Amino acid sequence: MTLLIQDEYPKKLFREDGKRLDGREKLDLRPIKMEVDVIKNADGSAYIEWGNNKIFASVYGPREVHPHHLAKPDKGILRVFYRMATFSVFDRKRPAPGRREKEISMIISDCLEPVLFLELYPGTSFEVFIEVVDADGGTRCASTTVAALALADAGVPMRSLVTSCAVGKIDGELVTDLSGIEDKAGEADLPTAMTWFNDELSLLQFDGQITQSELEESLEMAQDALEQIYEMQLDALKRKYINIQEEAED
Amino acid sequence: MEEEIDEELEEEIDEDLDEDFEEDTDDEEDTDDEFEDEETSREIVAPGEVLSEDMENFIPGRGTILNKKGTKIISVLVGLKQIKKNYINVIPLNGFYTARTGDKVIGIITDKNPVKYRVDINAKYNAILKPRNTVKRSKMRRRGKSSHNLNTERFDIGDVIVAKVISADRLNNPELTIVGKYLGKKMGGIIISIDPPKVPRVIGRNGSMIKMLKSLTDCNIFVTQNGRIWIKGDKIKKERLLIEAIYKIEREAHTRGLTDRVEEWLQNEKEKRGIK
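Sequence lines, in order, name chains A and B. Using our numbering, the letters of the first sequence correspond one by one to residues 105 to 354. Using our numbering, the letters of the second sequence correspond one by one to residues 1432 to 1707.
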């Protein structure tokens, strides 16, 4: 007989002092650390630590497409492979890519495509491999952010970077950047991504219940958070070269 | 012990060397070193960053685009910002090689069949070398026989060639030729690869960097546009030093005063390692 054990969530997602369970204010982001050029054999790579999420991304390309029938004669293709390590979540994750991985790979690829000049590379593919080694809510947002960094590090021409962050509703309050437990126990989750060359949303998913005015408010909150993360992305990209400059010219 | 053996090997290979390559292999006489240019700022820009909103005085150049409304110049690469006359360019700091007509490249034969060779030139497509572009130089045409491909050069898979790109576009595989000065099969030596955008830095302004490397290490160097560098010296110690120097140049390509710094570093290292 199978035994069903229901996940236990705390009844309240806010502490008595009004802060969230991990001590953040409503609009605070989790601590974020980014680094580029971490994988030597890849054309471009990046690493992100976003709260408890730890994600690597590597980029290869442009190169010939295998299997060959996927190649398009008039433009290149972008293929994203989002994978989670078996040890990245509490219960062992089965290593075969499932429905969720395929969905996230697709949305990340759709979200990054508008910033690339794929029409310049017909018959080739850019491949982005994203490996989640530790997951704690919001991996699709962190993956999109780190994939954009890896593409820029590979020297792929891009219209701009892509930044992603989630907003949501927990215990009737709108908050920025939901952690794993807030994502599961909360009322709504709204991952967003933005392309900066036209200031447009490139990704908007929604799960839960929210009113229209709350939706508008949460999108404004997302904009503020995205701008903060964008600054960190730019800094991570440039820091690699600035460090060498300072070291050499001293 | 190991070095002794290496040196012996080197000498053997030296004798095998095709006479055509004995001469000094200078390359890229007219390359501009954009990194050293005075108009190039040391400001590093990232994709999507606004370079200028002054549309009356500036025109978007290499590595930049206009935004949709045509009011801003935006970078598309990670690179150094350069203002040349009224153009704003971005000099890339990383990236891949795209074959262009006239480039000299070092390629490795990966496949051969009766009508063509396939050559890996470190670009997104394999290049093609047809037998009609491999007519041997300095060999007399054999008289009395009319076979049309008698005087073409034969290669095996794995051979390294220096070739020139004779046609390259977005849709077709680039085509190579090995007819010309310094072109053909390479024997002996070492090949290293660096990031293709940093090739101008290894050559330097008017070849200053490469001349300095040659005089300090007594090695022959052949730099090609696809980021592969052929090195051959008389002593393995000197070759090692040169390889380290080239990797240092690649790493510090975006810094100021690189030639002087590398020269100083080379002289220090030579003293440390006891190389005369």
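We treat Cβ as the ideally placed atom computed from N, Cα and C, and that holds for glycine. All values reported here derive from a predicted model rather than from experimental measurement.
Residue i, enclosing alpha helix (DSSP H) - first and last residue
i          : result
Val1654(B) : Element bounds for Val1654(B): not the alpha helix (DSSP H) but the beta strand (DSSP E), 1650-1654.
Val1633(B) : 1630-1634
Asn1699(B) : 1689-1704
Glu139(A)  : Unbroken run through Glu139(A) is the beta strand (DSSP E), 136-140; no alpha helix (DSSP H).
Asp287(A)  : 284-289
CB contact check: residue i to chain A, cutoff 8 angstroms
i          : result
Lys1512(B) : no
Arg1601(B) : yes
Phe1527(B) : yes
Glu1442(B) : With a pLDDT of 39 at Glu1442(B), under the threshold of 50, the modelled position of that residue is not reliable, and no figure is offered here.
Asp1457(B) : For Asp1457(B), the predicted model reports a pLDDT of 47, less than 50, meaning its position is unreliable and no value from the coordinates is stated.
Lys1499(B) : yes
Lys1555(B) : yes
Glu1454(B) : With a pLDDT of only 39 at Glu1454(B), under 50, the local geometry of the prediction cannot be trusted, and no value is derived from it.
Ser1538(B) : Here the sequence assigns Gly to residue 1538(B), which means Ser is not the residue at that position. So no, Gly1538(B) is outside the interface.
Pro1631(B) : no
Gly1479(B) : yes
Glu1683(B) : yes
Thr1532(B) : no
Leu1524(B) : yes
Closer than 8 angstroms to chain B by CB, residue i
i         : result
Phe301(A) : yes
Ser264(A) : yes
Leu278(A) : no
Ile348(A) : yes
Arg183(A) : no
Glu353(A) : yes
Ala256(A) : yes
Leu341(A) : yes
Gly259(A) : yes
Thr228(A) : yes
Leu338(A) : yes
Tyr345(A) : yes
Tyr225(A) : yes
Residue nearest to residue i in terms of C-alpha spacing, selected from the options
i          : options                                        : result
Thr299(A)  : Ala256(A), Leu323(A), Asp328(A), Val219(A)     : Val219(A)
Lys1512(B) : Lys1500(B), Gly1492(B), Lys1499(B)             : Gly1492(B)
Leu1673(B) : Asp1691(B), Leu1508(B), Met1618(B), Glu1700(B) : Glu1700(B)
Lys158(A)  : Val232(A), Leu265(A), Ile143(A), Lys137(A)     : Lys137(A)
Gly1635(B) : Lys1666(B), Arg1585(B), Leu1614(B), Ile1677(B) : Ile1677(B)
Glu291(A)  : Ala326(A), Asn302(A), Ile314(A), Tyr225(A)     : Ile314(A)
Met1618(B) : Val1610(B), Pro1628(B), Val1593(B)             : Val1593(B)
Cys1650(B) : Glu1474(B), Ala1684(B), Val1507(B), Lys1669(B) : Lys1669(B)
Ile109(A)  : Gly227(A), Glu139(A), Glu353(A), Asp195(A)     : Asp195(A)
Gly1589(B) : Ile1552(B), Lys1499(B), Leu1614(B)             : Ile1552(B)
Glu277(A)  : Met262(A), Glu321(A), Cys269(A)                : Glu321(A)
Tyr1518(B) : Thr1471(B), Val1591(B), Arg1692(B), Ile1667(B) : Thr1471(B)
Leu1689(B) : Ser1646(B), Gln1698(B), Met1640(B)             : Met1640(B)
Tyr1613(B) : Pro1631(B), Arg1632(B), Thr1655(B), Asn1604(B) : Thr1655(B)
Val1591(B) : Asn1604(B), Leu1560(B), Pro1605(B)             : Leu1560(B)
Asn1604(B) : Tyr1548(B), Tyr1556(B), Arg1687(B), Leu1697(B) : Tyr1556(B)
Ala270(A)  : Ala256(A), Thr248(A), Pro261(A)                : Thr248(A)
Cys215(A)  : Asp121(A), Thr296(A), Leu330(A)                : Thr296(A)
Same chain, Cβ closer than 7 angstroms to residue i, neighbours up to 5 away in sequence not counted
i          : result
Thr1502(B) : Glu1484, Met1486
Phe118(A)  : Arg124, Asp275
Gly1510(B) : Val1476, Gly1494, Val1521, Ile1522, Pro1523, Leu1524
Leu1644(B) : Ile1652, Leu1673, Ala1676
Glu1681(B) : Ile1625, Asp1626, Lys1629
Ser192(A)  : Val236, Val237, Asp238, Ala239
Gly165(A)  : Asp147, Thr228, Ser229, Phe230, Glu231
Residue range of the unbroken beta strand (DSSP E) whose run includes residue i
i          : result
Arg183(A)  : 181-188
Gly1510(B) : 1510-1515
Gly148(A)  : 148-154
Glu1480(B) : Where Glu1480(B) is concerned, there is no enclosing beta strand (DSSP E), given that its DSSP letter is neither H nor E.
Val1507(B) : Unbroken run through Val1507(B): none, as it is neither H nor E.
Ala270(A)  : 266-274
Asp1542(B) : 1535-1543
8 angstroms Cβ shell around residue i - same chain, five flanking residues per side excluded
i          : result
Asp240(A)  : Gly155, Asn156, Asn157, Ser283, Gly284
Glu350(A)  : none
His1685(B) : Phe1466, Arg1473, Ile1475, Leu1511, Leu1524
Ala340(A)  : Met138, Glu139, Val140, Ala150, Leu253
Glu223(A)  : Asp178, Lys179, Gly180
Ala289(A)  : Tyr113, Pro114, Leu117, Ile274
Same chain, Cβ closer than 6 angstroms to residue i, neighbours up to 5 away in sequence not counted
i         : result
Leu258(A) : Residue identity differs from the one stated: residue 258(A) is Ala in this sequence, not Leu. Answer for Ala258(A): Asp147, Gly148, Val163, listed in chain order.
Leu131(A) : Thr280
Asp287(A) : Gly241, Asp293
Ala246(A) : Ile152, Trp154, Asn157, Ile159
Touching by the beta-carbon criterion (3+ pairs, under 8 angstroms), the region 170-185 of chain A and the region 141-155 of chain A
Taking 8 angstroms as the limit for Cβ pairs, the verdict is that the region 141-155 of chain A does not touch the region 170-185 of chain A.
Inter-stretch contact at 8 angstroms, needing at least 3 Cβ pairs: the region 1659-1678 of chain B / the region 1617-1635 of chain B:
These segments touch.
Examine the Cβ distances between the region 1530-1539 of chain B and the region 1599-1607 of chain B and report whether three or more of them are shorter than 8 angstroms.
The answer is yes - the region 1599-1607 of chain B touches the region 1530-1539 of chain B, with three or more Cβ pairs under 8 angstroms.
When Cβ atoms are compared, which residues of the region 139-168 of chain A fall closer than 8 angstroms to chain C?
Reference to chain C is not applicable here, since the protein chains of this structure are A and B.
Inter-stretch contact at 8 angstroms, needing at least 3 Cβ pairs: the region 183-195 of chain A / the region 208-219 of chain A:
Result yes; three or more Cβ-Cβ pairs closer than 8 angstroms.
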